[in-house]
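Asks: Would you mind keeping the following structure in view while I ask a few things?
As structure tokens, this is what we get:
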């Protein structure tokens with residue numbers, strides 16, 4: 002029970018990576034299926050559909066970033082691994098925004114990318130406008146990343 | 021588990037680019053000759069490398085392309101059976117008549133049914149109805165018995181046509197696709213209305229009319245049959261109380277104007293599928309759009325062959341999907 006603080010910290014890092022990564026995998030996979038459909042008919046659109054496919058990948062990277070910061074702060078990557086249970090729980094709480102917002106935003110961004118891929122398969126000249134629509138979903142993943150990072154950065158300074 | 025059509029829809033989006041637009045149709049109408057029309061169609065990808073010059077061969081090749089694409093896009097074609105049943109029942113009609121008159125039906129069989137026309141003919145010839153798919157068995161037996169006992173070809177046609185509509189409606193009700201349901205609803209309702217008008221004009225009895233109509237949600241066939249047994253005005257009055265009120269003027273004008281109204285309504289209703297990325301809807305819409313396109317090309321080519329006025333063609337042309 003002495004290491005419960007580390008356990009909660011690790012759980013936070015795992016959730017950030019697992020949930021955000023799962024969302025990205027679903028989103029990128031879904032967009033990839035649609036991209037393959039377009040490429041089967043018109044391989045010249047590879048560059049355009051690839052960008053749409055990659056849009057939902059960022060949430061997984063955000064999750065990884067937050068997980069890395071947590072692992073670094075709790076001493077798993079070096080330094081003193083002794084942190085209190087309260088701080089461990091705080092790291093767990095800090096990981097939740099990017100974990101859940103990452104999961105859902107990546108899935109919905111994937112859906113939006115699929116629709117965008119369908120649009121540019123017919124109107125490639127509208128690429129600039131079409132790419133903005135799934136990119137809007139990214140806003141909420143970035144907001145969640147911001148909150149998670151602010152929390153993770155400031156937890157060590159708390160006197161708990 | 022709900023089937024995912026993401027890949028298929030993405031491919032269909034690219035294929036929609038090659039659908040004939042209204043401008044293509046205008047160019048076809050304004051072509052100087054039948055050969056110019058054919059050349060325009062070849063340039064648009066119609067036909068095969070052999071460049072078929074016969075209208076039927078060219079368009080039957082296009083219909084086969086639709087179904088080979090669908091077979092490529094999905095491993096299960098059964099959700100699209102509603103579009104293929106008409107070929108099955110056409111083949112059944114041809115087979116029943118060919119067997120009773122001892123003639124060769126092979127040039128008249130359609131190729132895109134759920135089962136091959138030859139198989140239907142063989143089963144009918146051998147009176148082995150159990151070899152037929154479920155949706156044909158009972159109708160085949162009933163049509164064959166009726167034709168053999170009465171020699172009434174029209175009654176035989178009515179039995180098969182009504183069974184076809186019922187089968188389409190039943191199959192559509194089993195799917196989750198609004199497009200397929202709408203297609204079935206409009207197909208059955210418009211066929212019922214056309215049948216009612218035809219029965220009124222030929223003075224058929226109420227019982228005959230009731231047997232010839234297939235039930236659907238948008239038309240009460242009992243009321244429609246009663247109206248058809250009285251007069252055309254009664255049919256128009258009844259339709260004015262349904263969702264087909266705006267079709268009454270077209271129906272008064274001519275049967276072809278009514279058919280155009282129905283096709284345009286269907287095309288208009290499936291247009292939202294252009295922005296649907298995941299479901300079977302865009303695939304069904306593509307099939308409807310291609311069939312509509314084939315119908316338009318057939319009309320234009322026939323008009324070119326017979327030197328018909330382009331205004332007459334324009335009046336009959338349906339709206340296009342793209």
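Chains as they are written, first to last, in our numbering: chain A, 2 to 161; chain B, 21 to 342.
Note that the Cβ used here is the ideal one computed from N, Cα and C, for glycine as well.
Here the structure is a predicted model, which is why all the values come from computation and not from measurement.
1) Pull up the CB-CB distance for residue 259 (chain B) and residue 267 (chain B), whole angstroms please, since I reckon it's below 8 Å.
2) Are there 16 or more other CB atoms within 10 angstroms of the CB of residue 157 (chain A), so buried, or fewer, so exposed?
3) If we define contact as Cβ-Cβ less than 9 Å, is residue 82 (chain B) a contact residue for chain A?
4) Using a C-beta to C-beta distance shorter than 7 Å, which residues of chain B count as neighbours of residue 118 (chain A)?
5) Measuring CB to CB, does residue 425 (chain B) end up less than 9 Å from residue 178 (chain B)?
6) For residue 137 (chain A), does the count of other Cβ atoms within 10 angstroms reach 16, so buried, or fall short, so exposed?
7) Can you give the Cα-Cα distance for residue 113 (chain A) and residue 232 (chain B), rounded to whole angstroms?
8) Quick check on the burial criterion: 16 or more other C-beta atoms within 10 angstroms. Buried or exposed for residue 207 (chain B)?
9) Assuming residue 26 (chain B) contacts residue 34 (chain A) under a Cβ cut-off of 8 Å, what Cβ separation, rounded to an integer in Å, is found between them?
10) Once you ignore the five residues that flank residue 205 (chain B) on each side, which residues in its own chain have a CB closer than 7 Å to its CB?
11) Alpha carbon to alpha carbon, how far is residue 223 (chain B) from residue 120 (chain B)?
12) Shorter than 9 Å from the beta carbon of residue 35 (chain A) to some beta carbon of chain B?
13) Less than 8 Å between C-beta atoms, sequence neighbours within five positions excluded: which residues of the same chain meet that for residue 46 (chain A)?
14) Give me, in chain order, the residues of the same chain whose beta-carbon lies closer than 6 Å to that of residue 98 (chain A); leave out the 5 immediate sequence neighbours on both sides.
15) Of all Cβ atoms in chain B, is any one closer than 9 Å to the Cβ of residue 25 (chain A)?
16) With DSSP as the reference, label residue 320 (chain B) as helix, strand or coil.
17) Suppose contacts are defined by Cβ-Cβ distances below 9 Å. Is residue 87 (chain A) in contact with residue 13 (chain A) by that definition?
18) With a threshold of 8 Å, are at least 3 pairs of Cβ atoms found where one atom belongs to the region 57 to 71 of chain A and the other to the region 59 to 74 of chain B?
19) Counting along the chain, where does the alpha helix (DSSP H) carrying residue 173 (chain B) start and finish?
20) Check whether the Cβ atoms of residue 137 (chain B) and residue 115 (chain B) sit closer than 9 Å, and answer yes or no.
21) Who are the neighbours of residue 88 (chain B) on chain A, taking C-beta pairs under 9 Å?
22) Can you look up residue 34 (chain A) in the DSSP assignment and give me helix, strand or coil?
23) Between residue 334 (chain B) and residue 181 (chain B), what straight-line distance do the alpha-carbon atoms span, to the nearest angstrom?
24) Tell me whether residue 354 (chain B) sits in a helix, a strand or coil according to DSSP, three-state version.
25) When DSSP labels each residue in this structure, what does residue 11 (chain A) get in the three-state scheme?
26) Which residues of chain B have a Cβ atom closer than 7 Å to the Cβ of residue 122 (chain A), listed in chain order?
27) Along chain B, which residues have their Cβ under 7 Å away from the Cβ of residue 41 (chain A)?
28) What are the complete alpha helix (DSSP H) segments, minimum 4 residues, inside the region 68 to 144 of chain A?
29) Under 8 Å from any heavy atom of the ligand COA, does the C-beta of residue 62 (chain A) make it?
30) Using a 10 Å radius around the Cβ and a threshold of 16 neighbouring Cβ atoms, would you call residue 123 (chain B) buried or exposed?
31) Return the residue from the list B:53, B:139, B:34 and B:45 that minimises the CA-CA distance to residue 324 (chain B).
32) Output the distance between the C-alpha atoms of residue 81 (chain A) and residue 74 (chain A), rounded to the nearest integer angstrom.
33) Relative to the alpha-carbon of residue 28 (chain A), which residue among A:103, A:154, A:89 and A:92 has its alpha-carbon at the smallest distance?
34) Output the distance between the C-alpha atoms of residue 144 (chain B) and residue 306 (chain B), rounded to the nearest integer angstrom.
35) Taking the alpha carbon of residue 47 (chain B) as the point to measure from, which residue in B:341, B:330 and B:336 has its own alpha carbon closest?
36) Would residue 62 (chain A) pass as a contact of residue 10 (chain A) if the rule is Cβ separation under 9 Å?
Replies: Taking the structure as given:
1) 7 Å
2) exposed
3) no
4) 30
5) No statement about residue 425 (chain B) is possible, as the shown extent of chain B runs from 21 to 342 and does not include it.
6) exposed
7) 47 Å
8) buried
9) 5 Å
10) 236, 237 and 238
11) 28 Å
12) yes
13) 39, 40, 121, 122 and 125
14) 145, 148 and 149
15) no
16) helix
17) no
18) no
19) 173 to 193
20) yes
21) Chain A residues near residue 88 (chain B): none, gap ~14 Å exceeds 9 Å.
22) helix
23) 29 Å
24) For residue 354 (chain B) there is no data in the structure shown, the boundaries of chain B being 21 and 342.
25) helix
26) 30, 33 and 34
27) 31
28) 86 to 123
29) In the structure on display, the ligand COA does not appear, and there are no ligands present to speak of.
30) exposed
31) B:53
32) 9 Å
33) A:103
34) 33 Å
35) B:330
36) no
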